[in-house]
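The structure appears below as structure tokens.
Residue numbers (the working numbering), protein chains in the order written: chain S, 6 to 337; chain G, 6 to 337.
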């Protein structure tokens with residue numbers, strides 16, 4: 006690894022390596038999110054699509070397709086598809102209820118009302134299905150419609166499991182697959198499918214995306230109790246929103262009666278007082294929950310790496326391996 | 006036509022004729038809306054899916070497929086698909102903003118919060134795409150993903166065009182296609198596609214569904230100013246919600262300066278006073294707007310009939326022709 010490579014983040018190297026294809030993806034996104042009849046649509050999406058996010062999901066699709074030697078035009082359609090699904094999901098996440106607003110939840114839809122978020126999100130979902138249909142691959146359609154169902158199911162599960170102390174690590178994993186990993190794994194898998202690669206390679210691409218997404222989300226949930234200025238996360242947001250993330254689930258599983266009463270008060274009943282967050286962190290440390298969560302994140306990162314290593318060697322493959330390391334670098 | 010047929014409504018005769026297939030559709034719907042992980046999903050959908058609506062859209066798909074001599078299994082999948090899309094649309098329509106609630110809009114989502122309506126709707130959309138993918142027909146996928154985009158675009162257009170006096174009949178037609186006709190036409194068209202019928206017959210099935218949906222919606226909008234106890238509609242709901250439906254659009258196009266000021270006050274500004282509805286109806290009659298709207302509804306109904314008459318004769322065909330008459334019977 007050159008010095009340049011060492012100091013450049015893997016997703017930035019990926020973006021630079023795939024710049025030309027990504028330009029085509031951005032052009033396709035702009036073209037397909039336009040609506041000659043309803044100008045509100047590009048207005049709402051522009052601030053999401055043009056904001057210049059990391060575009061990690063479409064990059065994963067482009068990388069997987071290129072890694073598999075694909076030379077057709079449809080990796081661009083599929084990359085735009087996963088970005089549309091991601092953007093639609095963000096818009097629908099923006100929909101809030103008054104009760105949620107009152108709890109001080111940050112409302113990303115202040116600019117737009119609930120109705121716009123829902124309908125424009127629906128438009129992007131429909132557009133994404135048009136795009137994937139254009140690839141003419143029924144396998145791709147099956148993978149992406151399954152991913153869409155997993156995403157929606159995971160979101161519903163998260164909503165109903167929230168504030169329920171009985172939430173298990175299995176349920177957490179399902180929520181995480183819905184929130185993050187299902188679209189990551191579909192993004193990488195379809196790259197192998199359109200390149201017509203053998204089943205074991207397609208499976209390895211799925212496993213990589215799945216494990217990458219899970220480790221990414223676990224790290225994110227961990228940093229909510231372990232953050233610092235350098236990670237750019239505020240400690241305690243999830244706690245205040247009473248989210249049952251992996252560190253809490255582990256600590257609650259090991260809780261004695263008095264501790265369960267504490268968790269029940271602050272999470273189930275939402276009766277939070279000064280000093281509760283500090284006490285929660287104390288309990289997390291007492292039961293080694295943060296360290297155990299960190300080990301889980303590293304394990305999923307290692308699974309991603311192993312899956313990717315089973316694919317034929319290439320610079321792009323090594324870059325995706327670096328990416329799986331990078332995701333957990335903040336807690337390594 | 007026997008006496009029995011004359012006194013039984015066409016959609017009831019359709020339901021009775023297709024009872025066995027419709028049983029399969031209902032079983033498939035129950036099976037696919039289940040979620041082993043998120044019991045909230047069937048809870049939310051049950052009151053929509055089990056409520057025993059007319060199931061008009063899936064009946065249209067079953068009828069079109071049978072009319073075309075289809076003998077495979079996938080008409081059941083497609084009928085469930087269109088019902089899922091319809092139900093998802095209803096759930097997303099339920100999402101409201103506080104401002105809307107304050108205006109006294111009937112909130113169908115009182116039972117469930119906005120978030121549940123959005124996420125469960127998304128789940129049904131995803132399930133519908135899984136179902137249509139199972140048919141293995143890329144043409145079907147193209148038709149239904151196009152319909153989904155038209156529906157979402159029409160809903161956004163309706164939201165942005167609402168309360169805008171510049172709304173034209175063209176825009177109204179697009180909104181109506183989004184709200185109603187796009188799913189009707191897709192429902193009938195895919196029945197011909199899976200039966201592998203020639204292009205002109207598939208087009209006739211599309212035209213029938215399109216025109217049936219448009220006449221259905223125009224009648225609905227007309228009855229809001231022309232209702233009576235026998236039609237089961239309350240007069241003036243659309244007026245109070247400041248919806249620019251066809252009767253208003255026609256009256257506004259013919260308005261003099263004083264009348265425009267009236268429409269601007271009650272629709273654009275929403276400043277409605279006692280007697281305004283009566284004055285609006287007076288203006289609608291003055292410009293013959295209700296009668297002109299009625300003629301439009303009859304014209305679309307006639308188009309539906311003509312399209313259906315181009316198909317090979319059968320009892321089922323005649324029943325669909327009766328249905329196009331029935332839709333406008335309330336204003337004939």
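Even glycine gets a Cβ: it sits at the ideal position worked out from N, Cα and C. All values reported here derive from a predicted model rather than from experimental measurement.
With burial defined as no fewer than 16 other Cβ atoms inside 10 Å of the residue's Cβ, what is the status of residue 133 of chain S: buried or exposed?
Residue 133 of chain S should be labelled buried.
Mapping the DSSP letters down to three states, classify residue 75 of chain G as helix, strand or coil.
Reduced to three states, the DSSP call for residue 75 of chain G is coil.
On the premise that residue 229 of chain S lies in contact with residue 240 of chain S, defined as a C-beta separation below 8 Å, what is that separation, rounded to the nearest angstrom?
Correct: roughly 7 Å between the Cβ atoms.
Going by C-alpha to C-alpha distance, which of S:166, S:317 and S:256 sits closest to residue 294 of chain S?
Residue S:256 is the option with its Cα nearest to residue 294 of chain S.
Assuming residue 250 of chain S and residue 226 of chain S make a contact with CB atoms under 8 Å, what is their CB distance in whole Å?
Yes, residue 250 of chain S and residue 226 of chain S are in contact; Cβ-Cβ is about 4 Å, under 8 Å.
State yes or no: is the C-beta of residue 264 of chain G within less than 9 Å of the C-beta of residue 288 of chain G?
In this structure, residue 288 of chain G lies closer than 9 Å to residue 264 of chain G by Cβ.
Give the residues from the region 204-217 of chain S that approach chain G closer than 8 Å (Cβ to any Cβ), ordered along the chain.
The region 204-217 of chain S vs chain G, Cβ under 8 Å: nothing.
Let me confirm a value: residue 300 of chain S is counted as buried when at least 16 other C-beta atoms fall within 10 Å, else exposed. Which label applies?
The residue is exposed, with fewer than 16 neighbouring Cβ atoms inside 10 Å.
Give the single residue among S:187, S:170, S:169 and S:33 whose Cα lies nearest to the Cα of residue 150 of chain S.
Selected option, being the one with the closest Cα: S:187.
How far does the alpha helix (DSSP H) with residue 31 of chain G in it reach, from first residue to last?
Its alpha helix (DSSP H) spans residues 24-38.
Give the residues of chain S in contact with residue 346 of chain G, contact being defined as C-beta atoms less than 7 Å apart.
With chain G covering 6 to 337 only, the question about residue 346 of chain G has no answer from this structure.
Rounded C-beta distance between residue 27 of chain S and residue 67 of chain S? I'm assuming under 8 Å.
Contact flag correct, Cβ pair sits at about 7 Å.
If you follow the alpha helix (DSSP H) that residue 300 of chain S is part of, which residue opens it and which one closes it?
Unbroken alpha helix (DSSP H) run through residue 300 of chain S: 294-314.
Could you tell me whether the region 17-25 of chain G touches the region 311-321 of chain S, using the rule of 3 or more Cβ pairs below 8 Å?
Touching, no, given that fewer than three Cβ pairs across the two stretches are closer than 8 Å.
By how many angstroms is the C-alpha of residue 260 of chain S removed from the C-alpha of residue 205 of chain S?
The alpha-carbon atoms of residue 205 of chain S and residue 260 of chain S are separated by roughly 42 Å.
Check for me: the alpha helix (DSSP H) holding residue 147 of chain S runs from which residue to which?
Looking at the DSSP string, the run of the alpha helix (DSSP H) that includes residue 147 of chain S is 143-166.
Around the Cβ of residue 334 of chain S, are there at least 16 other Cβ atoms within 10 angstroms (buried) or fewer (exposed)?
Counting Cβ neighbours within 10 Å, residue 334 of chain S comes out exposed, since fewer than 16 surround it.
Could you check the C-alpha separation between residue 46 of chain G and residue 167 of chain S for me, to the nearest Å?
Computed Cα separation, rounded: 15 Å.
Taking CB distances under 9 Å as the criterion, tell me whether residue 165 of chain S reaches chain G.
Chain G contact via Cβ: present.
Which residue comes first and which comes last in the alpha helix (DSSP H) that contains residue 195 of chain G?
Residues 187-199.
Let's test the definition: count the other Cβ atoms within 10 Å of the Cβ of residue 284 of chain G and tell me whether it reaches 16, buried, or not, exposed.
Answer is exposed; the Cβ neighbour count stays below 16.
Against chain S, does residue 156 of chain G count as a neighbour if the rule is that its beta carbon must be under 9 Å from one of theirs?
Chain S contact via Cβ: present.
By how many angstroms is the C-alpha of residue 200 of chain S removed from the C-alpha of residue 114 of chain G?
Interpretation of residue 114 of chain G is limited by its pLDDT of 47, a score under 50 that renders its predicted location unreliable; no figure is taken from the coordinates.
Counting only Cβ-Cβ distances shorter than 7 Å, please list the residues of the region 174-196 of chain G near chain S, keeping chain order.
Within the region 174-196 of chain G, the residues whose Cβ lies closer than 7 Å to some Cβ of chain S are 179, listed in chain order.
Whose CA, out of S:337, S:336 and S:329, lies closest to the CA of residue 61 of chain S?
When each option's Cα is compared against that of residue 61 of chain S, the closest is S:329.
Check whether the region 165-185 of chain G and the region 153-167 of chain S touch, using three or more Cβ-Cβ pairs below 8 Å as the test.
Cβ pair count under 8 Å is below three, so no.
Would you call residue 202 of chain S buried or exposed, if buried means 16 or more other Cβ atoms sit within 10 Å of its Cβ?
Residue 202 of chain S should be labelled buried.
Could you round the C-beta distance between residue 148 of chain S and residue 85 of chain S to whole angstroms and report it? I think they count as a contact, below 8 Å.
Actually they do not touch by this definition, with Cβ atoms about 16 Å apart.
Would you please verify whether the beta carbon of residue 105 of chain S is less than 9 Å from any beta carbon of chain G?
Unreliable placement is indicated for residue 105 of chain S, whose pLDDT of 48 sits below 50; no coordinate value is reported for it.
Hey, how far is the Cα of residue 126 of chain G from the Cα of residue 94 of chain G?
So the alpha carbons of these two residues sit roughly 7 Å apart.
What residues from chain G crowd round residue 131 of chain S, counting only those whose CB sits closer than 9 Å?
Near residue 131 of chain S (Cβ distances below 9 Å), the residues of chain G are 130, 150, 151, 152, 153, 154, 155, 156, 157 and 158.
Note down, in chain order, every chain S residue with its Cβ under 7 Å from the Cβ of residue 134 of chain G.
Ordered by position in chain S, the residues that pass the 7 Å Cβ test against residue 134 of chain G are 134, 150 and 153.
Straight-line CA distance for residue 49 of chain G to residue 217 of chain S?
Residue 49 of chain G and residue 217 of chain S: Cα-Cα distance of roughly 33 Å.
Under 7 Å Cβ to Cβ from residue 97 of chain S, same chain only, skipping five residues before and after it: list those, please.
Around residue 97 of chain S: 122, 123 and 126.
Give me the Cα-Cα distance between residue 214 of chain G and residue 182 of chain S, rounded to the nearest whole angstrom.
Answer to the nearest angstrom: the Cα atoms are 39 Å apart.
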